[in-house]
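In my numbering, the protein residues as written are 147 to 194. Glycine included, C-beta positions come from ideal geometry on N, C-alpha and C. Keep in mind that this is a model prediction, so the values were computed, not measured.
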């Protein structure tokens, strides 16, 4: 995964937090989704 490629984390917890942040902030909110008419969840929520 690009979020952890080439990055060294000092602890397992630090790696878990970075992965969680990537999923919750970028992947789920900013990435376009075909099920939402190729909009981001944020854009879809503004229309609804």
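- In this structure residue 188 is not in contact with residue 177, their Cβ atoms being roughly 10 Å apart against a cut-off of 8 Å.
- Rounded to the nearest whole angstrom, the C-alpha separation of residue 159 and residue 167 is 12 Å.
- DSSP links residue 162 through a beta bridge to no other residue.
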